[in-house]
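J.: The following block contains the structure, expressed as structure tokens.
Protein chains: 2
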Amino acid sequence: MGNLAVTEPSASVGDYLKAVWETAGSGAASTKGVADRLSVSSASVTNMFARLQGMGLALYEPYRGASLTRRGRAEALRLVRRHRLIETFLLEHLGYSWEDVHEEAERLEHAVSDEFTERLAELLGHPERDPHGAPIPASDGALPPEDSRPLSGTQAGGRFVVSRVENRDPAVLTYLRGLGLVPGRALRVREVRALDGVVTAEDEDGVSHALGAPLARSILVRHRA
Amino acid sequence: MGNLAVTEPSASVGDYLKAVWETAGSGAASTKGVADRLSVSSASVTNMFARLQGMGLALYEPYRGASLTRRGRAEALRLVRRHRLIETFLLEHLGYSWEDVHEEAERLEHAVSDEFTERLAELLGHPERDPHGAPIPASDGALPPEDSRPLSGTQAGGRFVVSRVENRDPAVLTYLRGLGLVPGRALRVREVRALDGVVTAEDEDGVSHALGAPLARSILVRHRA
DNA sequence: AAATAATTTTAGCTCTGTCTAATATTACGA
DNA sequence: TCGTAATATTAGACAGAGCTAAAATTATTT
């Protein structure tokens, strides 16, 4: 109450907020999880966790990790909205390729204003998902309920549609695009091998794909209607 | 020789380079000139001048000001190109108003890549001037020769066309737009008063405008064909 | 040519955000 | 449950970029 946050958090603070949001499932984000995601040292993360708490953006308990406050979450979602709208713009209006939009958006999201964001949303026709299938938070931060699950958590015989690809690595994305494993693609799961987590799935053209555990975790699917 | 500059200068360094470029006519930029333009203290400017020299982007002689090296100029022009293309995009595609594009572009120019810039140029059809009439440097840094002069430097009786409005203040721009004093507008100069620098000019609709010295300096004109 | 005004520079701080090395804590496996 | 491995934190540095106050230099004016 009171404590009206007038100033925009810095790009760094924003990056940490997003990382905490993305890393912490429902609980708290670990130091190492955030450090790995942002490619910074653990010490830097500990330091920032304390600062985020000081700014009222996160709750931090040493050795227990950090979780966002309402304000921290709102800020993170604002950045996520910007990021995903910008990705959509880059792909649809500037001719960027699917695997390259993430990196450019990563820098732009810290430079654009809310006005820019909303005008962009208007130009794009208020899309609900970005090019990778990730939901775009509404301007009030609302997110549609997630109805997808990773391919790694499906069962043989199931029929699905790829709803989302959750991976930032351009090399991985290029590869998946080459295989046609992009949002919208229908798949039938042939095998989910417990031993090594390899998932074998057949696409609409009858082509079979064997995907290692990390890839199978990156591909989210929804049950086919 | 050697010394290939791989890393992008920081946003701050870029701002100073632009300020030096804009402030220094043909000679060197003064500490105060840059300080005023960037709204920072003179001490900060002195400090940055030394750093720019260290980076090989400027030549600095204490008490004599700073001038850009070839590399510094190239970097400044790269930012100016980005800035002016972004302004054009904001106006033409996102519906921003004339007086608001500058501020948004000021932040975006530091976040955008060369790839983004060139794709944007393509989308916009490679415009030669931005919404304020300022020339957009080519990607190799080339600028068309300036054939305009400030309204303050004209003579009574002359017939001109507004070619450019050189002012960043939204209040000033809003006012001028209200008067129709924007690039393309034809004017006939009635009086250039030596005493106080007030210029009186009549527009196409026969409306007469009395402009104080600072405004008259902001409006650049070209002889009417 | 002095005296005053304006501009610059220096010195010393501050804050953000990063790092490494050393230390502490927690988790896990035997 | 005890010892090792994995995680976290602390301590201490450092670079970038800004500031104020004091000192120095240059410009202007009488």
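Read top to bottom, the protein sequences are chains A and B. Under our numbering, think of the first position of the first sequence as 16, with each following residue one higher. Under our numbering, think of the first position of the second sequence as 16, with each following residue one higher. Just so it is clear, CB atoms sit at the ideal spot from N, CA and C, and this is done for glycine as well. The structure displayed is predicted, hence computed values, not measured ones.
Nearest CA to the CA of His-117/B: which residue from Leu-105/B, Ser-128/B, Val-127/B?
T.: Your numbering for residue 117/B matches position 102 in the second sequence. Here the closest residue by C-alpha is Leu-105/B.
J.: Give me the residue from Arg-174/A, Arg-237/A, Val-204/A with the minimum Cα distance to Ala-225/A.
T.: As a first step, residue 225/A is located in the first sequence; it is residue number 210 there, counting from the start. Closest option to Ala-225/A, Cα to Cα, is Val-204/A.
J.: Can you grab the Cα-Cα spacing for the pair Val-127/B / Pro-24/A, in whole Å?
T.: Taking the first residue of the second sequence as 1, we reach residue 127/B at position 112. Taking the first residue of the first sequence as 1, we reach residue 24/A at position 9. Val-127/B and Pro-24/A: Cα-Cα distance of roughly 20 Å.
J.: Between Thr-46/A and Ser-57/A, how many whole angstroms is the CB-CB distance? I'm expecting something under 8 Å.
T.: What you label residue 46/A is simply residue 31 of the first sequence in a count that begins at 1. What you label residue 57/A is simply residue 42 of the first sequence in a count that begins at 1. 5 Å between Cβ atoms; contact.
J.: Ala-126/B CB to nearest chain A CB: under 8 Å?
T.: On the second sequence, residue 126/B is found 111 positions in, with the first residue counted as 1. Judged by the 8 Å Cβ criterion, Ala-126/B is in contact with chain A.
J.: Which bits of chain B does Gly-156/A rub up against, with CB to CB less than 8 Å?
T.: If you number the first sequence from 1, residue 156/A lands on position 141. Within chain B, no residue comes near Gly-156/A; the closest Cβ sits about 23 Å away, beyond 8 Å.
J.: When the distance is taken between beta carbons, is His-125/A closer than 8 Å to Ala-26/A?
T.: Residue numbering aside, residue 26/A sits at position 11 when the first sequence is read from its first letter. Residue numbering aside, residue 125/A sits at position 110 when the first sequence is read from its first letter. The answer is yes: Cβ separation under 8 Å.
J.: Measure how close the beta-carbons of Gly-71/A and Thr-61/A come, nearest whole angstrom, since I'm counting them as under 8 Å.
T.: Locating residue 71/A in the first sequence gives position 56, where the first residue counts as 1. Locating residue 61/A in the first sequence gives position 46, where the first residue counts as 1. About 18 Å; that fails the 8 Å criterion.
J.: Can you confirm whether Leu-235/A, when its beta carbon is compared against all beta carbons of chain B, has any partner nearer than 8 Å?
T.: One-based indexing of the first sequence puts residue 235/A at position 220. Chain B, which has no Cβ nearer than 8 Å to the Cβ of Leu-235/A, makes this no.
J.: Could you pull the DSSP bridge partners for Phe-175/A from this structure?
T.: Stepping through the first sequence from its first residue, residue 175/A is reached at position 160. Bridge partners of Phe-175/A: Leu-202/A, His-238/A.
J.: Kindly identify the DSSP beta-bridge partner or partners of Ala-216/B.
T.: Translated into the one-based positions of the second sequence, residue 216/B becomes position 201. Its beta-bridge partners are Val-204/B, His-224/B.
J.: Gly-110/B CB to nearest chain A CB: under 8 Å?
T.: Residue 110/B sits at position 95 when you count from the first residue of the second sequence. Cβ-Cβ to chain A under 8 Å: yes for Gly-110/B.
J.: Quick check on this structure: which residue in Leu-166/B, Gly-29/B, Glu-143/B, Ala-201/B has the alpha carbon closest to the alpha carbon of Ala-240/B?
T.: Reading the second sequence from its first residue, position 225 is the one you call residue 240/B. Among Leu-166/B, Gly-29/B, Glu-143/B, Ala-201/B, the Cα nearest to that of Ala-240/B is on Ala-201/B.
J.: In terms of alpha-carbon separation, which member of Val-28/A, Leu-100/A, Glu-137/A lies closest to Ala-73/A?
T.: Here residue 73/A corresponds to residue number 58 of the first sequence, with the count starting at 1. Looking at the Cα atoms, Val-28/A is the closest of the given residues.
J.: Any contact of the segment 166-186 of chain B with the segment 92-106 of chain B, i.e. 3+ C-beta pairs under 8 Å?
T.: No, because fewer than three Cβ pairs between the segment 166-186 of chain B and the segment 92-106 of chain B fall closer than 8 Å, the two stretches do not touch.
J.: Where does Leu-94/A land, buried or exposed, given buried means 16+ other C-beta within 10 angstroms?
T.: Taking the first sequence and counting its residues from 1, one reaches residue 94/A at position 79. Its Cβ being crowded by 16 or more others within 10 Å, Leu-94/A is buried.
J.: Within a Cβ cutoff of 6 Å, which residues of the same chain sit near Arg-208/B, ignoring the five residues on either side of it in sequence?
T.: For this step, residue 208/B is matched to residue 193 along the second sequence. Excluding sequence neighbours, Arg-208/B sits near nothing in its chain.
J.: Since Gly-80/A and Leu-32/A should fall inside the 8 Å C-beta cutoff, what is the C-beta to C-beta distance between them, to a whole number of angstroms?
T.: One-based indexing of the first sequence puts residue 80/A at position 65. One-based indexing of the first sequence puts residue 32/A at position 17. In fact, because the Cβ distance is near 14 Å, the residues do not count as touching under 8 Å.
J.: Since Leu-109/B contacts Leu-138/A with CB under 8 Å, what's their CB separation in whole angstroms?
T.: Taking the first residue of the second sequence as position 1, residue 109/B is located at position 94. Taking the first residue of the first sequence as position 1, residue 138/A is located at position 123. Going by Cβ atoms, the distance from Leu-109/B to Leu-138/A rounds to 6 Å, so yes, they are a contact pair.
J.: Should the segment 149-163 of chain B be regarded as contacting the segment 178-186 of chain B, the criterion being three or more beta carbon pairs within less than 8 Å?
T.: Yes: at least three Cβ pairs fall under 8 Å.
J.: Less than 8 Å between the CB atoms is what I'm expecting for Pro-198/B and Asp-115/B, so what's the real figure, rounded?
T.: Your numbering for residue 198/B matches position 183 in the second sequence. Your numbering for residue 115/B matches position 100 in the second sequence. With a Cβ gap of about 17 Å, Pro-198/B and Asp-115/B do not count as contacting.
J.: Any residues in the segment 202-226 of chain B with a beta carbon nearer than 9 Å to a beta carbon of chain A? Which ones, in chain order?
T.: Listed by position, the residues of the segment 202-226 of chain B near chain A (Cβ gap below 9 Å) amount to none.
J.: So for Leu-135/B, helix, strand or coil by DSSP?
T.: In the second sequence, the residue the question calls residue 135/B occupies position 120. Of the three classes helix, strand and coil, the one that applies to Leu-135/B here is helix, per DSSP.
J.: Can you tell me whether Ala-39/A is helix, strand or coil according to DSSP?
T.: Looking up residue 39/A in the first sequence gives position 24. The answer is coil: DSSP assigns Ala-39/A none of H, G, I, E or B.
J.: Taking only beta-carbon positions, decide if Phe-64/A is within less than 8 Å of chain B.
T.: Stepping through the first sequence from its first residue, residue 64/A is reached at position 49. Chain B, which has no Cβ nearer than 8 Å to the Cβ of Phe-64/A, makes this no.
J.: So Leu-74/B is in the beta strand (DSSP E); what residue range does that whole segment cover?
T.: By one-based count along the second sequence, residue 74/B stands at place 59. It spans 73-76 - the beta strand (DSSP E) in which Leu-74/B sits, taken as one unbroken run.
J.: For a contact defined as C-beta to C-beta under 8 Å, what are the partners of Leu-53/A on chain B?
T.: Position 38 of the first sequence, counting from 1, holds the residue named residue 53/A. The contacting residues do not exist; Leu-53/A stays about 18 Å from chain B at best.
J.: What does Phe-175/B reach in chain A if we use C-beta pairs closer than 8 Å?
T.: Here residue 175/B corresponds to residue number 160 of the second sequence, with the count starting at 1. None at all; the shortest Cβ gap to chain A is about 35 Å.
J.: Would Val-222/B be called buried (16 or more neighbouring beta carbons within 10 Å of its own) or exposed?
T.: Taking the second sequence and counting its residues from 1, one reaches residue 222/B at position 207. Burial call: exposed.
J.: When burial is assigned at 16 or more other CB atoms within 10 Å of the CB, is Asp-145/A buried or exposed?
T.: Counting from one through the first sequence, the residue named residue 145/A turns up at place 130. Asp-145/A is buried by the Cβ-count criterion.
J.: For the candidate residues Ala-91/A, Ala-228/A, Pro-142/A, Arg-237/A, whose alpha-carbon lies nearest to that of Glu-206/A?
T.: Translated into positions along the first sequence, residue 206/A becomes position 191. Ranking Ala-91/A, Ala-228/A, Pro-142/A, Arg-237/A by Cα distance to Glu-206/A puts Ala-228/A first.
J.: In whole angstroms, what is the alpha-carbon distance linking Ala-11/A and Val-35/A?
T.: Examination of residue 11/A is not possible in this model, given that chain A is present from 16 through 240 alone.
J.: Going by CA-CA distance only, name the one from Arg-134/B, Pro-159/B, Val-49/B that's closest to Leu-9/B.
T.: There is simply no residue 9/B to check, as chain B begins at 16 and stops at 240 in what is shown.
J.: Starting from Glu-119/B, find everything on chain A with Cβ-Cβ shorter than 8 Å and list it in chain order.
T.: For the purposes of this step, residue 119/B is taken as residue 104 along the second sequence, with counting starting at 1. Going along chain A in sequence order, the residues near Glu-119/B (Cβ under 8 Å) are Val-127, Ser-128, Glu-130, Phe-131.
J.: Per DSSP, what kind of secondary structure is Ser-82/B in: helix, strand or coil?
T.: The residue given as residue 82/B occupies position 67 in the second sequence. Ser-82/B falls in the strand class under three-state DSSP.
J.: Can you grab the Cα-Cα spacing for the pair Glu-130/B / Thr-22/B, in whole Å?
T.: For the purposes of this step, residue 130/B is taken as residue 115 along the second sequence, with counting starting at 1. For the purposes of this step, residue 22/B is taken as residue 7 along the second sequence, with counting starting at 1. Distance between the alpha carbons of Glu-130/B and Thr-22/B is about 16 Å.
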